[in-house]
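First up is the structure itself, then whatever we jot down about it.
Numbering (our numbering), first residue to last: 136 to 884.
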C-alpha cells in the first residue's frame, strides 16, 4: 500500500531544452535536474532536445526544474498548455526547418570562403595585403557563421563548465589569435626565428565543417521523426455530424463524445467511436501496419485517422482529443523517443569529464611540441593543439544511443509495434523466454459453444438457460460465448441472486430458487457435484482444445457445455520464429491441463503451465526469473496485468484491455503474434547498432586524439592538420547517425 501511495504522489513533466550540441551538454543538464530535491528520475535527450522529469510535486515544481536547466546556461520553457498530439506543431516544425536551413547556408558559405582563402593563399603566397583581407573575411565568418559557438562557450564558462562549443571556440580562437598577431606584428615572429604563418583558411573551414556536421544531424533528426509527424496529419479537419435531423460539417476539435457521425466511402474517420449501423471495410494500416482492410459492422470499434474503404456507416463518437487512440499512440511514441537506454550511461560518464581532459591534453600537446620540437615549435604545437581540440568534440558519443532508439521505435511503429522507450528496447534484446497467455492471446479470444450435453433428466435448453443466466453477470469470454448461444436460441435468461465469481474456476449463484454452479471440474468438486455421472462425455477435449464448463443444480451435475476458442493462425509461425531466435516458449493458463495441452500442441509449444489461477501467474513468472531467465510475458486480459508488470518485458495484444496495455512495455497493434519475435529481433538489431555506434565513437577519439597530437610524426613525419581534424569530427557524427538510420529499413523475423 505504501508503494501505491508513493506512486500517487509522483508527477512527470516534459519540456524542451535549447542550446545542447553534444553529449557533455546533455550530461550536464541531466546531472543538474537529477540533483534537484524531489526529482526521482531525469532523462535528457540530445536528439529530441527535451527533458523528461519524474518528481514529487510536494518538494519541487516544474518552474524550479526549468530554472535549474537555465542555471546551467541552456534555455528551457514549460509548455503553455497541455499538448494536443493530434494537432501538428507547425511552429516547432518551421523552427526546425529554419534551423536546418540556416545551418546549411552558414556551412556552405563558410566552406566556400575557406576554399577561396586556401586557393588565394596557394596562388599568391603570403603577403601583407592578402593576410589583412583574410583577417577581415575570417572575422566576418566567425561573427556571422560561428557566433553560436562563441556565445555558448562563454555561457558555459560563466557557469564553470565546458562542452563541444568550448573545444571549437578554443581551437578556432587560438588559431585566429595566432594568425592575428602574425598579421599585425610579423616582426615579433621574425625576431624569434619564426615564420609569420597564418591559419585563417583553417579557421574558416573548421567552422564550415562543424556547421555541416550539425546541418546533417538536423536533417537526420527530422527524418527519424517523419513517421510520427505524419500521424498527426491523418485526422481530417471536418466531420459530418448529426444535428437537429440534418448533417452538418463540424471542426473535429469541437466534436464531443456521444455525437453521431456519418462516414462515406473513401473518407478518413475523424474520431474514435462505435458503429451504430452500416457495414464497411476499414484500412487500419496506419495503426497496425496490416495492409488488408478489416471488416466492420454494428457494435465494432473504429479508430480516428483510419480510412473507410467501401460502405457508408453511422457511428457514435467515444474517445476524442487527447483520449483518442491515435493521440495516445503519438504521446507514447514521443515519450519512447525521448527516453534513454541504460547503455547510454557509459557515454554519460565519459562525457562528464571528457572536455576538461581534452583541454588538458591539448595544453600538454602544445607544451610538448614547444619544448621538444627542433624547428617551428610554436606553429607546430599550435596546429597540433588545435587539431586535438577539434577532433575530440564529443558529438558522436551523444548521438550514438538516442538516434538508434529514435529510429528503432519509429520503425517499430511502422511494423505495428509500440515499444515504450529505450530501456524497454534494451531489455527486450536480452529476453530468452516468452510466456504466452491462452485466451485472447494464443487463441482469438472469440470462443463459441460447440456442444451441449444434458444429464439427469435436464434438457439442453435448460442447461443453457441456467448457465446463461449466471454468465450474463460475468466478463469472462467463455461466459460471453454461453450467453451468445442462449441468445441465438431465443432462450429467456432469468435474474440471479447471490452471484459470485470464483477466479479461475467459474461462477455460482441462485437462479429460480436453485443453487447453480457453472465452471471447471475443480469448482464442481468444491460444490459437491459428481461429474462422473456424465460418463464417457467427461473425456479429454477434442483437437481444437475445447473448454468444458460443467453445470450443477443444487450440487447435482446437470450437464456440460463445450466451448471452443480457435488458435490464432499466426501462433505456430510465431513460436517457430522464436525458436529460430533461440528462445523458449511457455503456455501459462488457468484452463485445464487437457485444454492447455491441446492448444500448446497446435501452437508448437512444449512447456505448459496449466490450471494456474490469476494470482499464481505472477508466481510462475517469478519462478522462471529465479531460474536466471529473462522473461517476456504476452497477454491481453485484466488478469494478465500483474504478470505483464512482473515480467522483464510485458507484451500486450492491442485487442486487449486498456489496463493490460498500460501495464505492458510493448503493445502489438495488430493481431499477429509474429510481432513478438519481430519486437525482440528489432531490439537485438537496435542494440547491435547502439554498440557499434558507441564502439566507433570511442575508438574515433582514442585513435584520433593521439594522431592529432602528433604521435605519428616521429615515425612518419606526418601531422594531422586542424582542417582534416574538423572534417573527421563532422564525419564521425554523420556516420553514427547514418548507421542508426539503417534501422529504418530493418527486416526482422
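A virtual CB, placed ideally from N, CA and C, is assigned to each residue, including glycine.
The DSSP-derived three-state label of residue 580 is coil. At the C-beta level, residue 164 and residue 266 stay beyond 9 Å of one another. For the stretch 369-450, the full-length beta strand (DSSP E) segments reaching 3 residues or more read 373-378, 381-386, 395-398, 408-412, 415-418, 429-431 along the chain.
Between residue 879 and residue 546 a beta carbon distance of about 6 Å is seen, short of the 8 Å cut, so the two are scored as contacting.
Judged by DSSP secondary structure, residue 650 falls within the beta strand (DSSP E) whose first and last residues are 649-654.
By the 16-neighbour rule on beta-carbons within 10 angstroms, residue 279 is exposed. Where residue 819 is concerned, the enclosing alpha helix (DSSP H) starts and stops at 809-844. Residue 429 is not a Cβ neighbour of residue 406, given a cutoff of 9 Å.
For residue 518, the three-state secondary structure derived from DSSP is helix. Apart from the 5 residues on each side of it in sequence, residue 410 sits with its Cβ closer than 7 Å to the Cβ of 431, 432, 433, 434, 435, 437, 448, 450 in its chain, given in chain order.
Within the same chain, 512, 513, 516 come within 8 Å of residue 505 by CB-CB distance, once the 5 residues on both sides are set aside.
Apart from sequence neighbours up to five positions away, the residues of its chain that approach residue 860 with a beta-carbon distance below 7 Å are 522, 525, 526, 843, ordered along the chain. With respect to residue 536, residue 828 sits close: the two C-beta atoms are nearer than 9 Å.
Between the alpha carbons of residue 551 and residue 729 lies a distance of about 34 Å.
Out of 477, 590, 868, 229, the CA that lies nearest to the CA of residue 665 is found in 590. The beta carbon of residue 294 sits closer than 8 Å to those of 206, 207, 208, all from its chain and outside the five residues before and after it, given in chain order. Per DSSP, the continuous beta strand (DSSP E) segment holding residue 768 begins and ends at 766-770.
Residue environment: residue 349 is assigned as buried (16 or more neighbouring CB atoms within 10 Å of its CB, all protein chains considered).
In this structure residue 585 is in contact with residue 698, their Cβ atoms being roughly 7 Å apart against a cut-off of 8 Å.
Per DSSP, the continuous beta strand (DSSP E) segment holding residue 645 begins and ends at 641-646. When beta bridges are read from the DSSP output, residue 687 appears opposite 652, 692. With a cutoff of 9 Å on beta-carbon distance, residue 620 and residue 583 are scored as near each other. Note on geometry: alpha-carbon atoms of residue 871 and residue 283 lie some 23 Å from one another. If you draw a straight line from the Cα of residue 147 to the Cα of residue 180, it is about 16 Å long. Taking the C-beta atoms as reference points, residue 502 is found no nearer than 9 Å to residue 346.
Bridge pairing for residue 591: absent [DSSP]. Note on residue 771: 16 or more other CB atoms within 10 angstroms of its CB, so buried under the neighbour-count rule. Residue 404 holds the alpha-carbon nearest to the alpha-carbon of residue 453 among 404, 271, 491. With a contact defined as Cβ atoms closer than 8 Å, residue 335 and residue 252 qualify at about 6 Å.
When secondary structure is reduced to three states using DSSP, residue 275 falls in the helix class.
Counted as a single uninterrupted DSSP element, the alpha helix (DSSP H) harbouring residue 308 occupies residues 299-319. With a beta-carbon spacing of about 6 Å, residue 353 and residue 234 fall inside the 8 Å limit used to define contacts. Between the beta-carbon of residue 596 and that of residue 624 there is about 7 Å, and that keeps the pair under the 8 Å contact cut. In the three-state DSSP reduction, residue 608 falls in the coil class, being neither helix nor strand. Every alpha helix (DSSP H) stretch that sits fully inside the stretch 696-763 and reaches 4 residues is listed by chain position as 706-715, 728-738, 749-761. For the pair residue 812 and residue 733, the CB atoms are not nearer than the 9 Å cut-off.
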